[in-house]
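Undergrad:
Residue numbers (the working numbering): 401 to 841.
1) Quick check: the Cα distance between residue 765 and residue 467, rounded to an integer number of angstroms?
2) Helix, strand or coil for residue 440, going by three-state DSSP, please let me know.
3) Using only the alpha-carbon positions, how far apart do residue 477 and residue 428 sit?
4) Quick one, which of 436, 430 and 415 has its alpha-carbon nearest residue 448's?
5) Relative to the alpha-carbon of residue 543, which residue among 457, 591 and 682 has its alpha-carbon at the smallest distance?
6) If we ignore side chains and look at the alpha-carbon of each, how far apart do residue 797 and residue 650 end up?
7) Under three-state DSSP, which class holds residue 402?
8) Where do the N-terminal and C-terminal ends of the beta strand (DSSP E) with residue 428 fall, by residue?
9) Which same chain residues end up closer than 6 Å to residue 622 when comparing Cβ atoms and leaving out the 5 residues on each side of it in sequence?
10) Between which two residues does the beta strand (DSSP E) holding residue 733 run?
11) Contact defined as beta carbons within less than 8 Å: I believe residue 626 pairs with residue 672. What is the distance between those atoms, to the nearest angstrom?
12) Please return the same chain residues whose Cβ sits closer than 6 Å to the Cβ of residue 405, not counting the five positions on each side in sequence.
13) Rounded to the nearest angstrom, what separates residue 430 and residue 580 at their Cα positions?
14) Can you check DSSP and say which residues form a bridge with residue 469?
15) With a floor of 4 residues, list each alpha helix (DSSP H) that falls wholly inside the segment 742-815, ordered by position along the chain.
16) Could you name the residues that DSSP lists as bridge partners for residue 623?
17) Using only the alpha-carbon positions, how far apart do residue 518 and residue 806 sit?
18) Just how far apart, CA to CA, sit residue 474 and residue 635?
19) In the segment 670-719, which residue ranges form an unbroken alpha helix (DSSP H) of at least 4 residues, counting only runs that do not cross its ends?
20) Return the residue from the list 584, 537, 610 and 445 that minimises the CA-CA distance to residue 436.
21) Less than 7 Å between C-beta atoms, sequence neighbours within five positions excluded: which residues of the same chain meet that for residue 457?
22) Alpha carbon to alpha carbon, how far is residue 547 from residue 752?
23) Nearest CA to the CA of residue 694: which residue from 739, 726 and 605?
24) Where do the ends of the beta strand (DSSP E) carrying residue 616 lie?
25) In or out: residue 536 buried (at least 16 other Cβ within 10 Å) or exposed?
26) Please state whether the Cβ-Cβ distance between residue 503 and residue 527 is less than 8 Å.
27) I'd like the span of the beta strand (DSSP E) that includes residue 640, first residue to last.
28) For the segment 771-780 against the segment 734-749, do three or more pairs of beta-carbon atoms, one drawn from each stretch, fall closer than 8 Å, so that the two count as touching?
29) Please state the DSSP three-state secondary structure of residue 530.
30) Does the beta-carbon of residue 661 have 16 or more other beta-carbons within 10 angstroms, so that it is buried, or is it exposed?
31) Could you check where the alpha helix (DSSP H) with residue 602 kicks off and where it finishes?
32) Measuring only the C-alpha atoms, how far is residue 675 from residue 686?
33) Counting only the same chain and skipping the five closest in sequence on each side, list residues whose C-beta sits under 8 Å from that of residue 773.
34) Identify which residue in 730, 499 and 588 has its Cα closest to the Cα of residue 492.
35) DSSP three-state label for residue 446, please.
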């Protein structure tokens, strides 16, 4: 089996991955063949679904391999996940403690600037923004903050006052925050993730595991994940399975400059690993139908960077040969529908109806994919009215749960105990009914 593979975006990734693993290890005849394998998935949900997919692929008894979510890599037990070297890693600050520490440092910076103290809400917002900057730097990896310090010093005389203040604000990241972490004998979660990956890299280099090690479904966006991929490629039975690398994409150089392109992250990962798209092989059994190939090619052209579009019609004609571009588009868009809703309420209702329709057939499945959490909650609420409890995979905000809502009502009342309306709202809640119906209170 190739060291680096890709499963087409049109395929059910986990199902195809499971089938390929089962065939390669002959797990149907030897259920114990996968017991020693180690598989990394992007998140916890993918890990659970992969275990079920492996069970379905085997069609019977299976000794499940160890499946670890990459998103939780820094939370794994040091000895079990990364060997004895990882035991020396300092702990990472909890999100709440980190947020509070950054807020205090920002307030201290405001005092030095002779500015008025920030109100709590603004202070926490600023702390979140600063934390996001630190996380982004850790994700990219190799950020040298000292260069920013020297650059701001050299340019300070030429900068406007508000830019000088912004540069001064980043002193928190460059000096105050590292000093605080050193005093607390802690490190950032992103740094710990990278250090854990380095520890695992070192252990595998010294003693390569003999069992299969697979990284599946990750685009390698994070520096720590890329380091782990690099380690897996050096293993005798290491495999990397990417999700949907386009084999027909020609303009990889242009994609490298288009951060919004769907293939950009994987292209950068391949480059970092010293590979090209030609080194990526098709996953066994992951063949595309002619219609799926047409759709992929059309999407490829629709997402092409601007520098690649002057000869769009020529490129479409080349992709469609021996057919016409019209035939390519027709085949690619077959089965796709466009619903133009008047507002978000109509949009949610249309999505809910389509999901409900799926239940009329026992062999069909459906999923709602949306970047809008509010839309997902609207659809879930509509389905709940129809007796279908399908919670959004992103979770439900605490304040929208019964315990969270009750807690908010209590806080609201405690802030003004003399308000009868607030007191009544608390007493009417199901958690305060002490066994009675709310209408009787």
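Quick reminder that beta carbons are idealized off the backbone N, C-alpha and C, glycines included.
TA: Inspection of the coordinates gives the following:
1) Pairing residue 765 with residue 467, the inter-Cα distance amounts to about 25 Å.
2) In the structure shown, the three-state DSSP call for residue 440 is strand.
3) With a pLDDT of 40 at residue 477, under the threshold of 50, the predicted position of this residue should be treated as unreliable, though the coordinate-derived value follows. Straight-line spacing of the CA atoms in residue 477 and residue 428 works out to 32 Å.
4) The closest CA to that of residue 448, considering only 436, 430 and 415, is found on 415.
5) The option with the nearest alpha carbon to residue 543 is 591.
6) Near 43 Å, if we compare the C-alpha coordinates of residue 650 and residue 797.
7) If DSSP states are grouped into helix, strand and coil, residue 402 belongs with coil.
8) Neither: residue 428 is in no beta strand (DSSP E) and is coded neither H nor E.
9) Cβ-Cβ distances below 6 Å link residue 622 to 539 in the same chain, with the five nearest sequence neighbours on each side left out; the list follows chain order.
10) Segment 725-733 is the alpha helix (DSSP H) holding residue 733; no beta strand (DSSP E) there.
11) Their Cβ separation, rounded to whole angstroms, is 5 Å, which keeps residue 626 and residue 672 in contact under 8 Å.
12) Take residue 405, set aside five residues on each side of it, and the residues of its chain with a beta-carbon closer than 6 Å to its own are 641, 681 and 683, in chain order.
13) The C-alpha of residue 430 lies about 53 Å from the C-alpha of residue 580.
14) Partner(s): 441.
15) Counting whole runs of 4 or more residues, the segment 742-815 contains the alpha helix (DSSP H) stretches 744-758, 773-785 and 802-814.
16) For residue 623, which the question treats as bridged, DSSP gives no partner whatsoever.
17) Here the C-alpha atom of residue 518 lies approximately 30 Å from the C-alpha atom of residue 806.
18) Here residue 474 scores only 43 on pLDDT, less than 50, and its place in the model is too uncertain to base an answer on.
19) If we require 4 residues or more, the alpha helix (DSSP H) runs fully inside the segment 670-719 come out as 690-702.
20) It is 610 whose Cα lies nearest to the Cα of residue 436.
21) Close CB contacts of residue 457 within its chain, under the 7 Å cut and outside five residues either way in sequence, are with 418, 419 and 422 (chain order).
22) Annotation: residue 547 to residue 752 spans about 52 Å, alpha carbon to alpha carbon.
23) Selected option, being the one with the closest Cα: 726.
24) Per DSSP, residue 616 is one residue of the beta strand (DSSP E) stretching across 613-616.
25) Exposed, because fewer than 16 other Cβ atoms sit within 10 Å of the Cβ of residue 536.
26) Taking 8 Å as the cut-off, the beta carbon of residue 503 is found closer than this to the beta carbon of residue 527.
27) Taken as a continuous stretch (DSSP letters only), the beta strand (DSSP E) holding residue 640 covers 638-643.
28) Verdict: yes, contact present.
29) Secondary structure of residue 530 (DSSP, three-state): helix.
30) With 16 or more Cβ atoms within 10 Å of its Cβ, residue 661 is classed as buried.
31) Its alpha helix (DSSP H) spans residues 589-606.
32) If you take the alpha carbons of residue 675 and residue 686, they lie about 21 Å apart.
33) Hits under 8 Å: 792 and 794.
34) The alpha carbon of residue 492 has as its nearest neighbour, out of 730, 499 and 588, the alpha carbon of 588.
35) Residue 446: helix per DSSP, three-state reduction.
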